[in-house]
Amino acid sequence: MLERVSRQVGLVSAVLLAAAGVVVCSGCGGTGIEPEWGVAEGNGGSGEGGSVGLTGERWGLRQYAAGEPKELRISPLTRVETDERGEAMLTVHLELVDAWGHSGKWLMLVRVEVSENEKSSADERQGGGGKTVPMVGEARVDLDLTDPAVNAAAFDWITRTYVVRVKNLPTWATQRGANGWVRAAVGWVEVGGERRVLRGAKQIGK
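Residue numbers (my numbering): 15 to 220.
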């Protein structure tokens with residue numbers, strides 16, 4: 015009986031060691047799998063066994079452009095909360111969506127603005143005496159998310175959104191049934207030097 019148990023333990027140990035060996039060796043230099051780099055480095059056509067003609071700069075530009083956001087959405091998760099001091103703040107969730115409808119991340123500048131009026135700070139409204147005056151947001155936050163570490167800290171991987179907290183809200187925004195607006199704009203500079211801006215808007219409480 016003891017001999018049978020000993021043999022079984024030895025067999026299990028051998029299996030575990032073999033499995034561990036496979037795991038360890040799979041990460042060893044010289045034994046891991048490699049892609050066929052020639053497929054991406056040549057100058058021919060594409061297809062089975064051919065080349066897609068991606069070399070150096072062209073490779074980088076193609077990968078960069080493929081992941082570029084095409085739409086900015088303000089998530090329904092956006093809501094009024096309280097901070098650690100009990101003061102009201104608007105927690106805004108920004109979602110970046112690519113050409114395939116997938117949410118993701120991007121290095122960018124961010125502006126979030128809260129206003130009771132439907133128009134943004136870039137618009138104008140009628141003032142006294144028929145004059146037009148700038149429509150300025152009543153609360154605003156500007157963030158620089160061009161640093162990868164700062165960008166990562168602002169991203170919530172569970173909701174796949176960037177979280178921006180707007181404090182010092184006007185009184186109307188903290189009241190139940192508030193129907194003001196939150197607007198956001200994100201921008202970055204493309205490889206060619208051109209500025210790219212995406213905008214989104216959502217009515218608070220809707």
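Positions of the beta carbon are idealized from the N, C-alpha and C atoms, including for glycine. Given the structure is predicted, the values throughout are model-derived calculations rather than measurements.
Endpoints, the beta strand (DSSP E) within which residue i is located
{"i": "Trp186", "result": "Counting along the chain, Trp186 falls outside any beta strand (DSSP E), though it belongs to the alpha helix (DSSP H) covering Thr185 to Thr188."}
{"i": "Ala198", "result": "Trp195 to Val203"}
Backbone secondary structure at residue i - three-state DSSP
{"i": "Glu62", "result": "Confidence is the limiting factor: at Glu62 the pLDDT is only 45, short of 50, which leaves the residue's position unreliable and the question unanswerable from this model."}
{"i": "Arg125", "result": "strand"}
{"i": "Ala79", "result": "helix"}
{"i": "Lys216", "result": "strand"}
{"i": "Asp97", "result": "coil"}
{"i": "Gly115", "result": "coil"}
{"i": "Arg139", "result": "Residue placement at Arg139 is flagged as unreliable, the pLDDT there being 42, under the threshold of 50; a coordinate-derived value is accordingly withheld."}
Span of the alpha helix (DSSP H) around residue i
{"i": "Ala163", "result": "Pro162 to Ala168"}
Option nearest residue i by Cα separation, candidates the options
{"i": "Ala163", "options": "Glu85, Met122, Leu86 and Glu130", "result": "Met122"}
{"i": "Gly214", "options": "Glu204, Asp170, Leu110 and Val203", "result": "Leu110"}
{"i": "Leu86", "options": "Val155, Arg174, Ala198 and Glu98", "result": "Ala198"}
{"i": "Val196", "options": "Val205, Arg210 and Lys181", "result": "Lys181"}
{"i": "Ser89", "options": "Gln77, Asp170, Ala153 and Tyr78", "result": "Asp170"}
Cross-strand partners of residue i (DSSP beta bridge)
{"i": "His107", "result": "Val177"}
{"i": "Ile88", "result": "Leu108"}
{"i": "Ala102", "result": "Thr96"}
Between the CA atoms of residue j and residue i - distance to the nearest angstrom
{"i": "Ala167", "j": "Trp114", "result": "25 Å"}
{"i": "Val124", "j": "His107", "result": "12 Å"}
{"i": "Leu157", "j": "Ala80", "result": "25 Å"}
{"i": "Val223", "j": "Thr96", "result": "For the chain, the structure presents residues 15 to 220; residue 223 sits outside this window and is missing."}
Residue i at chain B interface by Cβ criterion, 9 Å
{"i": "Val211", "result": "The structure shown has no chain B; it contains just one protein chain."}
beta-carbon residue i near the ligand MN non-hydrogen atom, thresh 8 Å
{"i": "Val164", "result": "No copy of the ligand MN occurs in the structure displayed, which carries no ligand at all."}
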